[in-house]
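In this text, residue positions in the sequence shown follow my numbering: the first is 941, and each later residue adds one.
We treat Cβ as the ideally placed atom computed from N, Cα and C, and that holds for glycine.
Note that the structure is predicted; figures quoted are calculated from it, not measured.
Down below is the structure, laid out as structure tokens.
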Amino acid sequence: MVTDAQQACFEAGIKFGSLYHQFAGTPVSPRSTRSLETAIAESIENQPYCESVTVAVDDDAVADDIDHENGYTELSGHLMEVSMRITYEGVTVRTRMEMEDGYPLMKLVEVVDAGD
């Protein structure tokens, strides 16, 4: 049988997969980073067990990635920092996305079981 902690971790993975693969490739410019951060966070927070999502898009990195005259680039992992808090049956999972060797990895930061 799956434990509550395992289910909480699974839920965190689902949220990260949804977040990254839904929004990667979204056009973004330095003018639209704040609204995109809000849209991503609020979208993922709609999902069950999701307590909070924090998205920070790096304006300078976005500007540096723009390589044409249309004024935008595509959102990708190296342009943002993401953290989440998922709570399932008294277990809270904290996660974050960070770049490792040029690849965005979703990581468990902490798993806290209120029953322990």
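Whole angstroms is fine: what's the gap from residue i's alpha carbon to residue j's?
i       : j       : result
Arg1036 : Tyr1012 : 25 Å
Asp998  : Met1020 : 6 Å
Glu1062 : Ile1026 : For the chain, the structure presents residues 941 to 1056; residue 1062 sits outside this window and is missing.
Phe956  : His1008 : 30 Å
Ala972  : Ala981  : The amino acid at residue 972 is misidentified as Ala; the sequence shows Ser. Near 14 Å, if we compare the C-alpha coordinates of Ala981 and Ser972.
Asp1053 : Phe963  : 31 Å
Leu1045 : Gly953  : 11 Å
Val1022 : Met941  : 31 Å
Ala1001 : Gln947  : 35 Å
Val993  : Thr966  : 18 Å
Tyr989  : Gly1055 : 17 Å
Among the options, which one has its Cα closest to the Cα of residue i?
i       : options                         : result
Glu1038 : Gln947, Ser969, Leu1048, Gln946 : Leu1048
His961  : Val997, Asp944, Ser1016         : Ser1016
Asp1004 : Ser975, Thr1032, Val968, Ser983 : Val968
Asn986  : Val1031, Asp944, Ser958         : Ser958
Val1051 : Glu1040, Tyr1043, Thr1032       : Thr1032
Going by DSSP, name the residue or residues bridged to residue i.
i      : result
Val993 : Met1024
Within 7 Å of any Cβ in chain D, is that where the Cβ of residue i sits?
i      : result
Cys990 : Note that chain D does not occur in the displayed structure, where there is just one protein chain.
Could you pull out every unbroken beta strand (DSSP E) segment of at least 3 residues lying fully inside the stretch 998-1056, listed in chain order? Fully enclosed beta strand (DSSP E) runs of no fewer than 3 residues occupy 1020-1028, 1031-1040, 1043-1053 of the stretch 998-1056, in order along the chain.
Can you give, in chain order, each stretch of the beta strand (DSSP E) that sits fully within the stretch 948-989 and has at least 3 residues? none
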